[in-house]
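Trainee:
Numbering (UniProt numbering), first residue to last: 1 to 334.
1. When you compare each of 95, 324, 177 and 110 to residue 66 by their alpha carbons, which one comes out closest?
2. Can you tell me the Cα-Cα spacing of residue 155 and residue 287, whole angstroms?
3. Whole-angstrom Cβ separation of residue 348 and residue 235, contact assumed at under 8 Å?
4. Under 8 Å between the Cβ atoms of residue 45 and residue 81?
5. Run through the stretch 69 to 147 for me and flag every whole beta strand (DSSP E) of 3 or more residues, listed as ranges in chain order.
6. What residue from 233, 312, 260 and 161 has the CA that sits closest to residue 239's CA?
7. Tell me whether the stretch 132 to 143 and the stretch 195 to 205 touch, counting them as touching only if at least three CB pairs, one residue from each stretch, are closer than 8 Å.
8. Quick one: using the 10 Å Cβ neighbour count with 16 as the cut-off for buried, is residue 72 buried or exposed?
9. Decide if residue 121 is buried, meaning its Cβ has at least 16 other Cβ atoms within 10 Å, or exposed.
10. Which one or two residues does DSSP pair with residue 33 in a beta bridge?
11. Report the three-state DSSP secondary structure of residue 175 (helix, strand or coil).
12. Note down the Cα distance separating residue 191 from residue 169, rounded to an integer number of angstroms.
13. For residue 5 versus residue 226, is the C-beta distance shorter than 8 Å?
14. Taking all protein chains shown into account, do 16 or more other C-beta atoms lie within 10 angstroms of the C-beta of residue 283, making it buried, or fewer, making it exposed?
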(Lines of atoms letter the chains of each structure in order from A and count residues from 1; the text may use other names and numbers.)
(Lines give C-alpha, C1' and ligand atoms only; values in the text may rest on other atoms or scores of the structure.)
Protein backbone atom coordinates (compact mmCIF):
# COMPACT_ATOMS: atom_id res chain seq x y z
CA UNK A 1 0.00 0.00 0.00
CA UNK A 2 1.31 3.44 -0.92
CA UNK A 3 2.39 5.53 2.06
CA UNK A 4 0.30 8.50 3.12
CA UNK A 5 3.17 10.93 3.65
CA UNK A 6 6.42 11.64 1.88
CA UNK A 7 8.82 14.41 0.95
CA UNK A 8 9.25 16.14 -2.36
CA UNK A 9 12.95 15.35 -2.57
CA UNK A 10 15.27 18.19 -1.65
CA UNK A 11 16.88 18.41 1.78
CA UNK A 12 19.04 21.05 3.53
CA UNK A 13 21.95 18.91 4.68
CA UNK A 14 25.06 18.32 2.59
CA UNK A 15 26.27 14.98 3.93
CA UNK A 16 24.64 12.27 1.80
CA UNK A 17 24.72 9.53 4.42
CA UNK A 18 23.40 11.69 7.24
CA UNK A 19 20.61 13.02 5.02
CA UNK A 20 19.64 9.56 3.79
CA UNK A 21 19.57 8.18 7.34
CA UNK A 22 17.38 11.08 8.47
CA UNK A 23 14.85 10.73 5.65
CA UNK A 24 14.65 6.94 5.90
CA UNK A 25 14.33 7.23 9.67
CA UNK A 26 11.59 9.88 9.56
CA UNK A 27 9.62 8.43 6.65
CA UNK A 28 10.43 4.75 6.96
CA UNK A 29 7.79 3.76 9.53
CA UNK A 30 4.31 3.28 8.05
CA UNK A 31 2.48 5.17 6.67
CA UNK A 32 5.56 6.96 5.33
CA UNK A 33 7.22 6.74 1.94
CA UNK A 34 10.97 7.48 2.05
CA UNK A 35 12.71 8.98 -0.94
CA UNK A 36 16.06 9.47 -2.59
CA UNK A 37 17.48 12.64 -1.04
CA UNK A 38 18.48 15.63 -3.18
CA UNK A 39 20.89 18.16 -1.67
CA UNK A 40 21.08 21.17 -4.01
CA UNK A 41 23.12 23.13 -1.49
CA UNK A 42 26.20 21.23 -2.68
CA UNK A 43 26.21 23.29 -5.86
CA UNK A 44 25.89 22.68 -9.62
CA UNK A 45 25.11 19.10 -10.50
CA UNK A 46 23.32 18.52 -7.21
CA UNK A 47 20.26 20.59 -8.09
CA UNK A 48 17.19 19.29 -9.93
CA UNK A 49 18.19 20.22 -13.48
CA UNK A 50 21.82 19.16 -13.20
CA UNK A 51 20.95 15.86 -11.52
CA UNK A 52 18.48 14.99 -14.24
CA UNK A 53 20.62 16.21 -17.12
CA UNK A 54 23.27 13.78 -15.89
CA UNK A 55 20.80 10.94 -16.57
CA UNK A 56 20.32 11.80 -20.24
CA UNK A 57 21.53 9.16 -22.68
CA UNK A 58 23.49 10.45 -25.66
CA UNK A 59 22.94 14.14 -24.82
CA UNK A 60 25.94 15.44 -22.85
CA UNK A 61 25.74 18.80 -21.07
CA UNK A 62 28.06 21.31 -19.50
CA UNK A 63 27.58 24.34 -17.28
CA UNK A 64 27.67 27.89 -18.62
CA UNK A 65 26.98 31.23 -16.87
CA UNK A 66 23.43 31.01 -18.24
CA UNK A 67 22.97 27.46 -16.91
CA UNK A 68 23.18 23.96 -18.38
CA UNK A 69 23.75 23.58 -22.13
CA UNK A 70 23.91 20.69 -24.56
CA UNK A 71 27.40 20.03 -25.95
CA UNK A 72 29.10 17.55 -28.26
CA UNK A 73 31.22 15.74 -25.66
CA UNK A 74 30.93 15.11 -21.92
CA UNK A 75 33.25 17.08 -19.65
CA UNK A 76 34.02 17.86 -16.02
CA UNK A 77 30.65 19.41 -15.18
CA UNK A 78 28.78 16.32 -16.28
CA UNK A 79 31.19 14.01 -14.48
CA UNK A 80 30.72 16.01 -11.26
CA UNK A 81 26.93 15.65 -11.51
CA UNK A 82 27.25 11.92 -12.12
CA UNK A 83 29.69 11.54 -9.24
CA UNK A 84 27.29 13.30 -6.86
CA UNK A 85 24.49 10.98 -7.94
CA UNK A 86 26.67 7.91 -7.39
CA UNK A 87 27.59 9.07 -3.89
CA UNK A 88 23.91 9.68 -3.12
CA UNK A 89 22.99 6.15 -4.21
CA UNK A 90 25.86 4.68 -2.19
CA UNK A 91 24.58 6.56 0.87
CA UNK A 92 21.03 5.38 0.19
CA UNK A 93 22.18 1.77 -0.06
CA UNK A 94 23.75 2.02 3.40
CA UNK A 95 20.94 3.98 5.05
CA UNK A 96 18.20 1.78 3.59
CA UNK A 97 19.98 -1.54 4.04
CA UNK A 98 17.29 -4.19 4.50
CA UNK A 99 14.48 -1.83 3.51
CA UNK A 100 11.42 -3.45 1.95
CA UNK A 101 8.61 -1.22 0.74
CA UNK A 102 7.92 1.84 -1.36
CA UNK A 103 10.84 4.12 -2.16
CA UNK A 104 10.54 7.25 -4.28
CA UNK A 105 13.04 8.72 -6.73
CA UNK A 106 12.67 12.17 -8.31
CA UNK A 107 13.76 13.58 -11.66
CA UNK A 108 12.92 16.74 -13.56
CA UNK A 109 10.19 16.11 -16.09
CA UNK A 110 10.91 16.45 -19.82
CA UNK A 111 9.36 19.91 -20.16
CA UNK A 112 11.08 21.52 -17.22
CA UNK A 113 14.31 19.94 -18.45
CA UNK A 114 13.83 21.22 -22.01
CA UNK A 115 12.96 24.67 -20.65
CA UNK A 116 16.10 24.74 -18.50
CA UNK A 117 18.84 23.25 -20.70
CA UNK A 118 19.91 25.39 -23.64
CA UNK A 119 20.98 24.50 -27.12
CA UNK A 120 24.47 25.28 -28.40
CA UNK A 121 23.29 28.62 -29.77
CA UNK A 122 22.03 29.64 -26.34
CA UNK A 123 18.26 29.35 -26.71
CA UNK A 124 16.08 27.06 -24.63
CA UNK A 125 15.59 23.55 -25.96
CA UNK A 126 11.83 24.09 -26.12
CA UNK A 127 12.37 26.30 -29.20
CA UNK A 128 13.30 23.36 -31.43
CA UNK A 129 10.86 20.53 -32.19
CA UNK A 130 13.66 18.06 -32.87
CA UNK A 131 15.41 18.96 -29.63
CA UNK A 132 12.16 18.49 -27.72
CA UNK A 133 11.76 14.98 -29.14
CA UNK A 134 15.39 14.17 -28.33
CA UNK A 135 15.02 15.33 -24.72
CA UNK A 136 11.91 13.21 -24.21
CA UNK A 137 13.49 10.08 -25.72
CA UNK A 138 16.80 10.54 -23.91
CA UNK A 139 15.14 11.18 -20.56
CA UNK A 140 12.90 8.13 -20.98
CA UNK A 141 15.97 5.95 -21.46
CA UNK A 142 17.80 7.69 -18.61
CA UNK A 143 14.87 7.09 -16.27
CA UNK A 144 14.96 3.37 -17.08
CA UNK A 145 18.65 3.21 -16.23
CA UNK A 146 18.27 5.34 -13.09
CA UNK A 147 15.47 3.23 -11.66
CA UNK A 148 17.54 0.13 -12.31
CA UNK A 149 20.38 1.72 -10.31
CA UNK A 150 18.05 2.59 -7.43
CA UNK A 151 16.72 -0.98 -7.45
CA UNK A 152 20.28 -2.33 -7.25
CA UNK A 153 21.06 0.01 -4.35
CA UNK A 154 17.92 -1.02 -2.43
CA UNK A 155 16.88 -4.48 -3.67
CA UNK A 156 13.72 -4.58 -1.54
CA UNK A 157 12.38 -1.29 -2.87
CA UNK A 158 9.02 -0.97 -4.58
CA UNK A 159 9.83 1.95 -6.84
CA UNK A 160 7.85 5.17 -7.12
CA UNK A 161 8.94 7.89 -9.55
CA UNK A 162 8.19 11.59 -9.21
CA UNK A 163 8.48 13.84 -12.27
CA UNK A 164 9.09 17.44 -11.21
CA UNK A 165 7.50 19.93 -13.62
CA UNK A 166 7.64 23.44 -12.08
CA UNK A 167 8.17 25.04 -15.52
CA UNK A 168 5.27 23.26 -17.21
CA UNK A 169 2.73 26.13 -16.94
CA UNK A 170 5.21 28.54 -18.55
CA UNK A 171 5.96 26.04 -21.34
CA UNK A 172 2.26 25.66 -22.11
CA UNK A 173 1.36 29.34 -21.82
CA UNK A 174 4.30 30.84 -23.71
CA UNK A 175 5.74 32.58 -20.66
CA UNK A 176 9.36 31.45 -21.06
CA UNK A 177 11.57 34.42 -21.88
CA UNK A 178 13.90 34.34 -24.87
CA UNK A 179 17.63 34.19 -24.19
CA UNK A 180 17.93 37.80 -25.35
CA UNK A 181 15.55 38.85 -22.61
CA UNK A 182 13.19 40.39 -25.16
CA UNK A 183 9.87 38.69 -25.71
CA UNK A 184 8.68 35.20 -24.94
CA UNK A 185 8.93 31.83 -26.65
CA UNK A 186 6.02 30.26 -28.45
CA UNK A 187 3.98 27.85 -26.31
CA UNK A 188 4.42 24.13 -26.82
CA UNK A 189 1.10 22.51 -27.83
CA UNK A 190 -0.70 20.71 -25.02
CA UNK A 191 -0.97 17.54 -27.12
CA UNK A 192 2.80 17.38 -27.53
CA UNK A 193 3.32 18.01 -23.83
CA UNK A 194 0.94 15.18 -22.92
CA UNK A 195 2.65 12.77 -25.33
CA UNK A 196 6.08 13.65 -23.93
CA UNK A 197 4.99 13.18 -20.33
CA UNK A 198 3.31 9.90 -21.17
CA UNK A 199 6.49 8.60 -22.84
CA UNK A 200 8.49 9.13 -19.65
CA UNK A 201 5.68 7.77 -17.46
CA UNK A 202 5.54 4.63 -19.62
CA UNK A 203 9.33 4.27 -19.48
CA UNK A 204 9.23 4.39 -15.69
CA UNK A 205 6.58 1.71 -15.57
CA UNK A 206 8.54 -0.49 -17.97
CA UNK A 207 11.50 -0.17 -15.58
CA UNK A 208 9.45 -1.45 -12.66
CA UNK A 209 7.95 1.68 -11.10
CA UNK A 210 4.79 0.74 -9.18
CA UNK A 211 3.54 4.32 -9.19
CA UNK A 212 4.41 7.49 -11.10
CA UNK A 213 3.45 10.94 -9.83
CA UNK A 214 3.84 14.30 -11.59
CA UNK A 215 4.69 17.20 -9.27
CA UNK A 216 4.03 20.85 -10.10
CA UNK A 217 4.16 23.40 -7.28
CA UNK A 218 3.75 26.36 -9.64
CA UNK A 219 0.79 28.68 -9.87
CA UNK A 220 -1.87 27.54 -12.33
CA UNK A 221 -0.73 23.91 -12.40
CA UNK A 222 -2.28 22.43 -15.58
CA UNK A 223 -4.22 19.65 -13.86
CA UNK A 224 -5.97 18.34 -17.03
CA UNK A 225 -2.61 17.98 -18.79
CA UNK A 226 -1.10 16.22 -15.79
CA UNK A 227 -4.07 13.86 -15.68
CA UNK A 228 -3.68 13.10 -19.41
CA UNK A 229 -0.04 12.10 -18.82
CA UNK A 230 -1.19 8.74 -17.48
CA UNK A 231 0.52 9.29 -14.13
CA UNK A 232 -1.01 7.59 -11.12
CA UNK A 233 -0.77 10.67 -8.93
CA UNK A 234 -0.80 14.47 -9.13
CA UNK A 235 1.41 16.29 -6.62
CA UNK A 236 0.19 19.87 -6.16
CA UNK A 237 0.70 22.84 -3.84
CA UNK A 238 -2.77 23.19 -2.32
CA UNK A 239 -2.25 26.87 -1.51
CA UNK A 240 -1.92 27.62 -5.23
CA UNK A 241 -5.08 25.82 -6.34
CA UNK A 242 -8.13 27.91 -7.14
CA UNK A 243 -11.71 26.73 -7.46
CA UNK A 244 -11.34 25.70 -11.12
CA UNK A 245 -8.17 23.72 -10.38
CA UNK A 246 -9.91 21.91 -7.54
CA UNK A 247 -12.73 20.93 -9.90
CA UNK A 248 -10.08 19.43 -12.18
CA UNK A 249 -8.56 17.64 -9.20
CA UNK A 250 -11.97 16.14 -8.44
CA UNK A 251 -12.24 14.85 -12.01
CA UNK A 252 -8.76 13.32 -11.73
CA UNK A 253 -9.54 11.64 -8.40
CA UNK A 254 -12.81 10.25 -9.72
CA UNK A 255 -10.82 8.96 -12.70
CA UNK A 256 -8.58 6.97 -10.36
CA UNK A 257 -5.69 9.38 -9.85
CA UNK A 258 -4.29 9.94 -6.38
CA UNK A 259 -3.81 13.43 -4.93
CA UNK A 260 -0.45 14.19 -3.38
CA UNK A 261 -1.39 17.21 -1.27
CA UNK A 262 1.41 19.74 -0.85
CA UNK A 263 1.25 21.71 2.41
CA UNK A 264 3.21 24.87 3.23
CA UNK A 265 5.74 23.77 5.84
CA UNK A 266 8.85 25.65 4.70
CA UNK A 267 7.93 29.24 5.53
CA UNK A 268 9.79 31.42 8.06
CA UNK A 269 6.83 31.38 10.47
CA UNK A 270 6.22 28.58 13.00
CA UNK A 271 4.85 25.35 11.61
CA UNK A 272 1.08 25.48 11.08
CA UNK A 273 -0.97 23.50 13.56
CA UNK A 274 -2.43 20.10 12.80
CA UNK A 275 -6.01 21.39 12.69
CA UNK A 276 -5.16 24.11 10.16
CA UNK A 277 -3.34 21.65 7.92
CA UNK A 278 -6.16 19.12 8.10
CA UNK A 279 -8.60 21.86 7.09
CA UNK A 280 -6.38 22.85 4.14
CA UNK A 281 -6.96 19.39 2.69
CA UNK A 282 -10.41 18.48 3.99
CA UNK A 283 -12.33 21.68 3.24
CA UNK A 284 -11.67 22.08 -0.51
CA UNK A 285 -11.92 18.29 -0.92
CA UNK A 286 -15.41 18.42 0.55
CA UNK A 287 -16.40 21.55 -1.42
CA UNK A 288 -15.87 19.77 -4.75
CA UNK A 289 -18.04 16.89 -3.63
CA UNK A 290 -15.40 14.25 -3.02
CA UNK A 291 -16.26 11.73 -0.28
CA UNK A 292 -14.39 12.16 2.98
CA UNK A 293 -13.53 8.46 2.94
CA UNK A 294 -11.30 9.20 -0.05
CA UNK A 295 -8.98 11.25 2.17
CA UNK A 296 -7.48 7.93 3.25
CA UNK A 297 -5.82 7.75 -0.17
CA UNK A 298 -4.31 11.25 -0.12
CA UNK A 299 -0.51 11.40 0.19
CA UNK A 300 0.73 14.37 2.24
CA UNK A 301 3.95 16.16 1.31
CA UNK A 302 5.58 19.54 1.79
CA UNK A 303 4.42 21.85 -1.01
CA UNK A 304 7.96 22.08 -2.38
CA UNK A 305 11.41 20.97 -1.33
CA UNK A 306 12.89 21.62 2.10
CA UNK A 307 16.37 22.62 0.95
CA UNK A 308 15.83 26.23 2.01
CA UNK A 309 15.17 25.53 5.69
CA UNK A 310 17.50 24.35 8.43
CA UNK A 311 17.71 20.62 9.15
CA UNK A 312 15.80 20.86 12.42
CA UNK A 313 12.88 22.56 10.67
CA UNK A 314 12.95 19.96 7.90
CA UNK A 315 12.73 17.11 10.41
CA UNK A 316 9.95 18.91 12.29
CA UNK A 317 8.04 19.34 9.01
CA UNK A 318 8.07 15.59 8.34
CA UNK A 319 6.94 14.87 11.90
CA UNK A 320 4.10 17.36 11.53
CA UNK A 321 3.04 15.60 8.33
CA UNK A 322 2.83 12.35 10.28
CA UNK A 323 0.52 14.01 12.81
CA UNK A 324 -1.67 15.42 10.04
CA UNK A 325 -1.78 12.04 8.34
CA UNK A 326 -3.17 10.45 11.49
CA UNK A 327 -5.77 13.18 11.90
CA UNK A 328 -6.88 12.89 8.27
CA UNK A 329 -7.21 9.14 8.64
CA UNK A 330 -9.66 9.75 11.48
CA UNK A 331 -11.66 12.16 9.29
CA UNK A 332 -11.74 9.56 6.52
CA UNK A 333 -13.01 6.90 8.91
CA UNK A 334 -15.85 9.22 9.96
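Glycine residues also receive a C-beta, built at the ideal position from the N, C-alpha and C atoms.
Mentor: Well, looking at it:
1. For residue 66, the nearest C-alpha among the options comes from 177.
2. The C-alpha of residue 155 lies about 42 Å from the C-alpha of residue 287.
3. With the chain covering only 1 through 334, there is no way to say anything about residue 348.
4. Yes, the pair counts as a contact, with Cβ atoms nearer than the cut-off.
5. List check, beta strand (DSSP E) in window: 101 to 108.
6. Selected option, being the one with the closest Cα: 260.
7. The stretch 132 to 143 and the stretch 195 to 205 touch, with no fewer than 3 CB-CB distances between them shorter than 8 Å.
8. Answer is exposed; the Cβ neighbour count stays below 16.
9. With fewer than 16 other CB atoms across the displayed protein chains lying within 10 angstroms of its CB, residue 121 is exposed.
10. Residue pairing by DSSP puts residue 33 in a beta bridge opposite 6.
11. Coil, per DSSP.
12. Cα-Cα distance, rounded: 14 Å.
13. Not a contact, by the Cβ cut-off of 8 Å.
14. Residue 283 counts as exposed, since fewer than 16 other C-beta atoms from the protein chains shown sit within 10 angstroms of its C-beta.
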